[in-house]
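Q:
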Amino acid sequence: MFVANEKRYDKMVYNRCGKSGLKLSAVSLGFWQNFGSRGCYANMEKMVHTAFDLGITNFDLANNYGNPYNGSAEENFGRILDGMRSYRDEMCICTKAGYEMWDGPYGDKNGSRKYLTASLDQSLKRMKLDYVDIFYHHIYDNDTPLEETALALDNAVRQGKALYVGISNYNTKNTAEIMEIFKELHTPFVVNQPSYAMLNRWIERDGLDEFAKENGVGIAVFSPLYQGLLTNKYLKGIPEDSRVGRGETWIGNEIDDKMIKKLNELNTVAEERGQKLSQMALSWVLRNKAVTTVIIGASRPEQIVENTACIEKLDFSDEEISRIEKILAE
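So the sequence shown is numbered by this note's numbering: it starts at 1191 and just counts up by one.
#1: Can you give me the C-alpha to C-alpha distance between I1517 and L1456, rounded to a whole angstrom?
#2: Going by alpha carbons, who is nearest to G1350 out of G1273, T1334, T1307?
#3: Counting only the same chain and skipping the five closest in sequence on each side, list residues whose C-beta sits under 7 Å from that of S1309.
#4: In whole angstroms, give me the CA-to-CA distance for I1246 and N1497.
#5: Note down, in chain order, each residue of its chain lying with its Cβ closer than 6 Å to the Cβ of I1329, except the 5 sequence neighbours on either side.
#6: Could you tell me the alpha carbon to alpha carbon distance between E1520 and E1196, rounded to whole angstroms?
#7: What's the gap between the Cα of M1449 and the Cα of I1514?
#8: Here's the rule: buried if 16 or more other CB atoms are within 10 angstroms of the residue's CB, otherwise exposed. What is S1413?
#9: Using the beta-carbon count (16 or more within 10 Å), is D1323 buried or exposed?
#10: Taking all protein chains shown into account, do 16 or more other C-beta atoms lie within 10 angstroms of the C-beta of D1508, making it buried, or fewer, making it exposed?
#11: Quick one: Cα of K1209 to Cα of L1415, how far?
#12: When burial is assigned at 16 or more other CB atoms within 10 Å of the CB, is T1421 buried or exposed?
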């Protein structure tokens, strides 16, 4: 039976999620990769235990996470929880629904009440939970009225199956529209989960970060290391054992001589700050006052330890920001 580190809360930073009463650890653990049925269960368990011992309380899942079949990440997390359910109330467990999940018209990419309700029921069974802390709609659905999606999320809270609701991959316009519906329903809508990184700044161009900050909505960032590109792994090119080398990510075409030069210049700034490139990239995301938490992925516990250390150096000098902006603009 797992026994947690008594000092797990000593160093972690906890940020209020928008204007809600919910606080999230500045670093969260995501289950998109490496928690499926093909992974080593002992390693998965160790990663979750390591994260919790470091003060990470926010665990981010989705119905379709897992390899080779959807749902296997939630199943494995449920098994891991069996050894640490006494700590359930210290965890913020989140799941999402929206992408293709099962055969037929009701399990395809969807925002319908039927799909979202059925999916959440399935997720709760896989994780052996009575409720999740945050239930997200995973991606905006043009084919479903937004009112229906909002009512389905609201219903999950009213049924006691979720404490809060969130959205993911919604731009400013879509966020504003569904937020107005949530206000009418008095739904505890607290967070949007977009991608955001040094090399992916769309939320700044779209204005989503400023909108969220002004309207009391938290932002939980996924892919803050841009699919692993913002790590030391690609400083000399593409390793065969990397996700790009194995063809497991869409960013491979972006790695050219210009990109490698940019990564090395960013790495120089990181080294001068006493950080690794990945740590600085996470610190950079967290310096945006709209961001509540960064969701990291990992393939081994040591990566979690390394990346969580980003909270130790969240401040940037004006000179550092100027250098970074110049490098990113090249």
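All C-beta atoms in this analysis are idealised placements derived from N, C-alpha and C, irrespective of residue type, glycine included. As the structure is a computational prediction, the values presented were derived from the model and not from experiment.
A: Straight from the coordinates:
#1: 7 Å
#2: T1307
#3: N1253, A1287, M1291
#4: 12 Å
#5: Excluding sequence neighbours, I1329 sits near G1288, N1359.
#6: 46 Å
#7: 14 Å
#8: buried
#9: With 16 or more other Cβ atoms within 10 Å, it is buried.
#10: Counting Cβ neighbours within 10 Å, D1508 comes out exposed, since fewer than 16 surround it.
#11: 27 Å
#12: Its Cβ being crowded by 16 or more others within 10 Å, T1421 is buried.
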